[in-house]
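If you read the sequence shown in numbering that gives the first Met the number 0, its first letter stands for residue 0, the second for the next number, and so on.
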Amino acid sequence: MGLRNVEFAAKRKTTTDDPSLQATIRCMENDKSKTWTSVELHSFYTGNGGSLPRKTLVQKLSDVFGDELLVLSSKGLANIVIFRNKASTLLRLDDLDEDAIPIEYTAKQIVSEWKKIHYNKDKYNIRIDRKLAAEQSSATLSKLLSCMSEKLSNTLPALLICNMVTGLVNNKPTSLQIALGIETREKACIQNLYDFGVTCSYDEVLRFKTSAAVSTVAEEQNPSLRPITDANEDLIQAVADNFDANVSSQNGLKSTHALALLLTQNKRTLDITPGYNRTIDRISRDAMKLQ
């Protein structure tokens with residue numbers, strides 16, 4: 000017989016004069032998976048003819064079972080009595096049961112997706128569409144936004160939010176943020192939006208424009224660098240004609256000869272931007288100073 004069993008047997012002998020305590024011990028041994036309260040144990044004990052106070056009963060049980068028994072107490076509440084091997088599975092803080100853990104898991108998943116986003120710091124995209132905006136954002140973050148509201152389910156605001164977070168985490172604006180900065184145009188407005196993480200900085204806008212100008216000059220000098228484009232894409236169409244008109248007015252009939260000029264340009268939206276994704280070189284800061 001081991002030392003632990005000898006100690007347990009010795010303690011059991013001290014309870015032989017209290018049959019009610021023995022009955023309580025046997026009841027607990029028969030179901031060690033159960034969680035008891037001191038009130039329940041004392042009720043069972045007194046129901047079998049016991050007369051010990053509740054606090055004394057719990058102390059007696061602790062003496063008998065020793066480290067095998069765990070007593071959890073809180074001021075103003077009944078004690079919880081449980082066997083230690085059961086407590087390890089019932090009361091242990093399980094990571095999957097903690098509210099913070101799913102949040103941390105989701106955050107790690109989003110960060111993992113950010114690391115996989117392809118960022119070429121030496122190039123600018125000159126076209127932006129939904130596909131490119133989605134590629135530069137986290138799919139998990141997009142799903143999370145969709146769960147929050149239908150208004151954030153695969154919508155432009157959702158794409159913007161995802162791109163804002165991507166730009167802040169990677170410390171580099173996305174193609175969508177650069178496009179929004181260019182469309183905003185006004186320096187003060189761009190800087191205000193940049194402070195809120197919506198667009199790129201005004202310096203980045205200037206850098207893009209300089210890069211585009213350098214790229215255009217290079218294409219003019221070397222036509223082979225020009226991409227093959229649709230003749231109708233962003234084409235400015237002009238129609239001019241002269242005409243004679245007779246205008247009836249309060250002062251009588253007026254005859255006039257005029258020249259009319261009509262200018263139109265195809266304005267594309269984020270959804271119908273051409274599919275090809277052309278890039279231009281992002282000019283260095285040193286080269287930018289020389290322009």
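We put the beta carbon where it would ideally sit given N, CA and C, even for glycine.
According to the DSSP assignment, Y123 belongs to the beta strand (DSSP E) that extends over K122 to N124. Going by beta carbons, G180 and V204 fall inside the 7 Å limit.
Bounds of the beta strand (DSSP E) holding F82 are L76 to F82. Between T263 and the set D285, N241 and A237, the nearest pair of CA atoms involves A237. Counting along the chain, the unbroken beta strand (DSSP E) around T278 starts and ends at T278 to D280. Across the structure, A239 and S254 are spaced so that their CA atoms are roughly 20 Å apart. Excluding its 5 nearest sequence neighbours in each direction, P18 has C-beta neighbours in its own chain below 8 Å: N47 and G48, listed in chain order. Per DSSP, S210 lies in no beta strand (DSSP E) segment; the continuous alpha helix (DSSP H) that holds it begins and ends at Y201 to Q220. Close CB contacts of S72 within its chain, under the 7 Å cut and outside five residues either way in sequence, are with N78 (chain order).
V70: member of the beta strand (DSSP E) spanning L68 to S73, first to last residue. Judged by DSSP in its simplified three-state form, N191 adopts helix. In this structure, the CA atom of K288 is about 21 Å from the CA atom of E218. Taking the CA atoms as reference points, C161 sits about 9 Å from L144. Annotation for L51: no alpha helix (DSSP H) segment contains it, and DSSP assigns it neither H nor E. With contacts defined as CB atoms closer than 7 Å, S37 and K85 fail to qualify as a contacting pair. For K33, there is no enclosing alpha helix (DSSP H), as DSSP gives it neither H nor E.
Taking C-beta separations shorter than 7 Å and ignoring five residues to either side along the sequence, the partners of T173 in its chain run Q135, N162, T165 and G166, following chain order.
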